[in-house]
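Heads up: the sequence lines are chains A and B, in that order. For the working numbering, add 2 to where a residue sits in the first sequence, where the first one is 1. For the working numbering, add 78 to where a residue sits in the second sequence, where the first one is 1.
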Amino acid sequence: MVTLLLKRLLGLLLTLLVASALIFFVLDLLPGDPARFILGVNATPETVAALRTQMGLDAPPLARFLTWLFGMVRGDFGLSYTQRAPVAALIAERLWVSLPLTLFAMLLSVVVGLPIGILAARHQGRATDTALMTLAQLAIAIPNFWFGMLLVLLFAITWKLLPPGGFIPWGENFWAAARALVLPGIALALPQAAILARVMRTALVDVQTMDFIRTARAKGMTRGQAVWRHGVRNALLPVLTILGLQFAFLVAGAVIVENVFYLPGLGRLIFTAIGERDLVLVRGAVIVLVVGVTATMFLVDIAYALVDPRLRSRGAQ
Amino acid sequence: MTTETTALSGRPSLLRHPGLLIGVLGTAAFAMLALVSLFWVPYPIERIAIAERFLAPSAAHWLGTDSFGRDMLSLLMSGTLTSLFVAVIAVAIGAGIGVPLGLLAASWAGPAEWLALRLSDFLFAFPAVITAILLTALFGPGAINAMIAIGIFNIPVFARVARGGALNIRVLDFIGAARLAGLGPWSIATRHLLPNIAGLVIVQATIQLSLGILAEAGLSYIGLGTQPPATSLGLMLRDAQSLFLLQPSLTYVPGLAVVLIVISLNLAGDGLRDALDPRLRRVDAGRAA
Numbered sequence: 003m004v005t006l007l008l009k010r011l012l013g014l015l016l017t018l019l020v021a022s023a024l025i026f027f028v029l030d031l032l033p034g035d036p037a038r039f040i041l042g043v044n045a046t047p048e049t050v051a052a053l054r055t056q057m058g059l060d061a062p063p064l065a066r067f068l069t070w071l072f073g074m075v076r077g078d079f080g081l082s083y084t085q086r087a088p089v090a091a092l093i094a095e096r097l098w099v100s101l102p103l104t105l106f107a108m109l110l111s112v113v114v115g116l117p118i119g120i121l122a123a124r125h126q127g128r129a130t131d132t133a134l135m136t137l138a139q140l141a142i143a144i145p146n147f148w149f150g151m152l153l154v155l156l157f158a159i160t161w162k163l164l165p166p167g168g169f170i171p172w173g174e175n176f177w178a179a180a181r182a183l184v185l186p187g188i189a190l191a192l193p194q195a196a197i198l199a200r201v202m203r204t205a206l207v208d209v210q211t212m213d214f215i216r217t218a219r220a221k222g223m224t225r226g227q228a229v230w231r232h233g234v235r236n237a238l239l240p241v242l243t244i245l246g247l248q249f250a251f252l253v254a255g256a257v258i259v260e261n262v263f264y265l266p267g268l269g270r271l272i273f274t275a276i277g278e279r280d281l282v283l284v285r286g287a288v289i290v291l292v293v294g295v296t297a298t299m300f301l302v303d304i305a306y307a308l309v310d311p312r313l314r315s316r317g318a319q
Numbered sequence: 079m080t081t082e083t084t085a086l087s088g089r090p091s092l093l094r095h096p097g098l099l100i101g102v103l104g105t106a107a108f109a110m111l112a113l114v115s116l117f118w119v120p121y122p123i124e125r126i127a128i129a130e131r132f133l134a135p136s137a138a139h140w141l142g143t144d145s146f147g148r149d150m151l152s153l154l155m156s157g158t159l160t161s162l163f164v165a166v167i168a169v170a171i172g173a174g175i176g177v178p179l180g181l182l183a184a185s186w187a188g189p190a191e192w193l194a195l196r197l198s199d200f201l202f203a204f205p206a207v208i209t210a211i212l213l214t215a216l217f218g219p220g221a222i223n224a225m226i227a228i229g230i231f232n233i234p235v236f237a238r239v240a241r242g243g244a245l246n247i248r249v250l251d252f253i254g255a256a257r258l259a260g261l262g263p264w265s266i267a268t269r270h271l272l273p274n275i276a277g278l279v280i281v282q283a284t285i286q287l288s289l290g291i292l293a294e295a296g297l298s299y300i301g302l303g304t305q306p307p308a309t310s311l312g313l314m315l316r317d318a319q320s321l322f323l324l325q326p327s328l329t330y331v332p333g334l335a336v337v338l339i340v341i342s343l344n345l346a347g348d349g350l351r352d353a354l355d356p357r358l359r360r361v362d363a364g365r366a367a
């Protein structure tokens with residue numbers, strides 16, 4: 003188990019190193035001189051050169067990459083040219099919106115998706131199954147941001163139950179902040195819940211034909227008991243894989259759904275930064291997204307080994 | 079369930095899988111609509127007529143007009159073409175790079191396999207939105223960025239499918255026979271593995287096409303994809319966004335189009351998988367019938 007953990011951790015660090023190098027050097031190709039951008043078109047070449055030295059832009063690319071990398075390890079993501087503020091602080095502020103939104107959507111998709119999948123599998127081939135899976139098929143096909151618009155029309159405009167958009171900081175009014183995330187969370191969660199339901203159903207249907215379920219039945223368990231005690235745990239393996247992939251989709255989806263609800267999340271920070279060519283901010287925000295996605299994959303790998311003892315021993319070999 | 083399955087088993091596979099039939103017909107209908115827009119649309123999509131804006135559906139404008147007085151049906155036809163085109167190119171990129179990568183990983187054990195797997199794992203860390211953000215920061219927004227971003231996202235998906243399929247086939251006797259006959263790994267991969275995993279790859283391509291349609295819509299909606307004066311389903315939704323509280327119906331046409339195309343593609347993909355995989359056909363027989 004420890005060997006597996008170390009191996010995976012090494013893989014995670016390697017991925018992050020390559021990813022940050024890629025992001026750094028890709029954005030380094032970006033045309034435009036940040037020093038000139040800050041000083042404006044009227045600045046003399048001497049002042050621009052002086053600022054370039056001060057900002058460390060004169061150093062060779064590799065040195066600048068290493069400075070950036072080690073800065074990030076210490077929590078220093080550099081200064082944003084346009085906002086004149088530390089990138090880490092700007093990102094942290096936005097994460098207070100994006101992270102709760104993503105986690106809420108993840109929780110919602112699990113709480114809704116898994117029971118539906120189990121229900122459908124228990125009624126496999128019957129009307130309940132067909133109805134639930136048809137609904138799932140529909141839910142997968144709806145673009146989450148369009149679904150968000152429809153939710154606004156229904157819950158905010160027609161029924162006036164929830165705010166149509168915008169965000170009040172958590173510190174000012176906790177409930178208003180939580181309420182602002184409800185509709186975006188539902189919009190984000192819907193397709194993911196549908197995917198989870200389908201995966202859960204397929205996995206359970208597969209498991210039900212296994213010998214150990216028959217053994218459990220032979221030992222006197224009812225069908226429900228056998229599926230619940232032995233089936234669900236085994237069916238959770240593929241579900242776990244999908245859950246890890248889904249986090250990536252949710253992170254990406256949040257960037258899009260934020261726009262429907264005018265939420266000040268990471269996505270809108272990135273779009274402003276791209277518009278203003280603020281590459282320090284763009285690369286800081288992108289690396290945070292990449293870390294979020296890869297770290298989740300890592301956790302899923304570990305969780306996988308915890309659920310399936312066979313993988314534990316394989317990793318130790 | 080059993081009787082129905084036996085009763086139907088003699089018929090051609092399309093009829094035994096109604097989902098597949100509906101999916102193929104739906105996809106074909108939208109593809110036709112898109113292709114016709116190459117030669118003819120009811121009104122040119124660049125034509126702006128403010129006096130005719132927000133018209134309800136009528137004989138002159140079957141789906142009404144948008145906030146610039148543009149004909150919604152014409153926009154829908156051209157938009158579907160762009161969306162499908164982006165998704166198809168993205169699948170071509172993903173399969174073109176991913177399938178060889180997966181076969182490579184399956185055929186050569188050791189460092190090549192390790193490298194191919196790590197590369198595919200690595201690409202998983204880049205959802206299409208992140209790649210699109212990087213590309214847009216570099217080159218400015220455009221439909222080509224969306225194609226590349228979605229394509230890169232597709233690579234590891236196809237690599238996994240190809241490797242998984244190839245590993246299952248590699249243990250079969252005829253591969254051993256081919257090796258005994260003196261075929262090298264490359265010939266085995268192209269002559270024996272590739273044709274045998276083609277079905278898997280086609281099914282996956284259908285699913286990635288539908289994901290591509292959704293991804294294109296998302297990217298264009300946030301301004302990282304198709305740019306005016308061209309249009310796409312996502313861009314139509316972006317245009318409708320600022321007015322959707324006043325004119326919600328403008329979002330219905332592109333939104334429903336996305337839903338219908340994606341459902342069609344998914345039904346086609348599921349149906350194909352069932353038709354190609356006898357094991358799944360048995361399990362799903364109840365639902366299919």
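Positions of the beta carbon are idealized from the N, C-alpha and C atoms, including for glycine. Here the structure is a predicted model, which means the values were calculated and not measured.
Quick check: the Cα distance between residue i and residue j, rounded to an integer number of angstroms?
i: F163(B); j: L98(B); result: 22 Å
i: L140(A); j: L292(B); result: 13 Å
i: G372(B); j: W70(A); result: Residue 372(B) is absent from the model: chain B starts at 79 and stops at 367.
i: D310(A); j: R200(A); result: 21 Å
i: F322(B); j: T243(A); result: 37 Å
i: G127(A); j: P171(A); result: 48 Å
i: V295(A); j: I304(A); result: 15 Å
i: M135(A); j: L121(A); result: 11 Å
i: N274(B); j: P178(B); result: 14 Å
i: A180(A); j: F273(A); result: 24 Å
i: A283(B); j: P306(B); result: 28 Å
i: E260(A); j: L252(A); result: 11 Å
i: D144(B); j: G301(B); result: 19 Å
i: P186(A); j: P193(A); result: 13 Å
i: I280(B); j: K162(A); result: 46 Å
i: A237(B); j: G176(B); result: 4 Å
i: G303(B); j: G222(A); result: 59 Å
i: L358(B); j: P96(B); result: Any answer about L358(B) is weak, because its pLDDT of 47 lies below 50 and its placement is not dependable; what the coordinates show is given next. Those two C-alpha atoms are separated by around 15 Å.
i: L271(B); j: L6(A); result: 31 Å
i: M150(B); j: T160(B); result: 15 Å
i: L68(A); j: R86(A); result: 22 Å
i: M74(A); j: F200(B); result: 20 Å
i: I266(B); j: L338(B); result: 40 Å
i: R76(A); j: A91(A); result: 13 Å
i: W192(B); j: A184(B); result: 10 Å
Can you give me the Cβ contacts of residue i inside the same chain, cut-off strictly under 7 Å, excluding the 5 residues immediately before and after it?
i: V184(A); result: L164
i: H232(A); result: F214, I215, A218
i: P266(A); result: R96, V99, F169
i: A129(B); result: G147
i: Q319(A); result: Per-residue confidence for Q319(A) stands at a pLDDT of 35, beneath the threshold of 50, marking its modelled position as unreliable; the derived number appears in the next sentence. Same-chain partners within the cutoff: there are none.
i: G349(B); result: H95, G97, L98, G101
i: M155(B); result: L111, A112, V114, S115, V119
Could you check if residue i is buried or exposed, using at least 16 other CB atoms within 10 Å of its CB as the buried criterion?
i: G80(A); result: buried
i: S115(B); result: buried
i: M110(B); result: exposed
i: L11(A); result: exposed
i: A165(B); result: buried
i: P332(B); result: buried
i: R285(A); result: buried
i: R124(A); result: buried
i: T202(A); result: It should be noted that the sequence gives Met, not Thr, for residue 202(A). When all chains shown are included, M202(A) counts as buried.
Report all residues from its chain with a CB closer than 6 Å to the CB of residue i; omit the five preceding and five following residues, and keep chain order.
i: G157(B); result: T309, S310, L311, M314
i: A196(A); result: A138, A141, I142
i: N344(B); result: S288
Per the DSSP calculation, residue i is bridged to which residue(s)?
i: D149(B); result: T143(B)
i: V81(A); result: Note that residue 81(A) is Leu in the sequence shown here, rather than Val. Answer is P88(A), bridged to L81(A).
For the ligand NAD, I want to know if residue i counts as a neighbour, meaning its beta carbon is within less than 7 Å of at least one of the ligand's heavy atoms.
i: A194(B); result: Summarising the ligand content, the structure contains no ligands, and the ligand NAD is consequently not present.
Excluding sequence positions up to five away, which residues of its chain have a Cβ less than 8 Å from the Cβ of residue i?
i: D60(A); result: R54
i: F27(A); result: P63, F67
Pull out every residue of the stretch 97-122 of chain B whose Cβ sits closer than 8 Å to any Cβ of chain A, in chain order. none
By the 7 Å beta-carbon criterion, what residues does the stretch 323-356 of chain B contribute toward chain A? L323, P326, T329, G333, V336, V337, V340, I341, N344
Interface residues of the stretch 216-234 of chain B facing chain A [CB-CB below 8 Å]: L216
Anything in the stretch 191-204 of chain B with a Cβ closer than 8 Å to a Cβ of chain A? List those residues in chain order, please. R196, D199, F200, F202, A203, F204
Select from the stretch 285-299 of chain B all residues with a C-beta closer than 7 Å to any C-beta belonging to chain A, and list them in chain order. L292, A295, G296, Y299
Taking Cβ-Cβ distances below 9 Å as the criterion, which residues of the stretch 132-156 of chain A are in contact with chain B? T132, M135, Q139, L140, I142, A143, I144, P145, N146, F147, W148, F149, M151, L152, V154, L155
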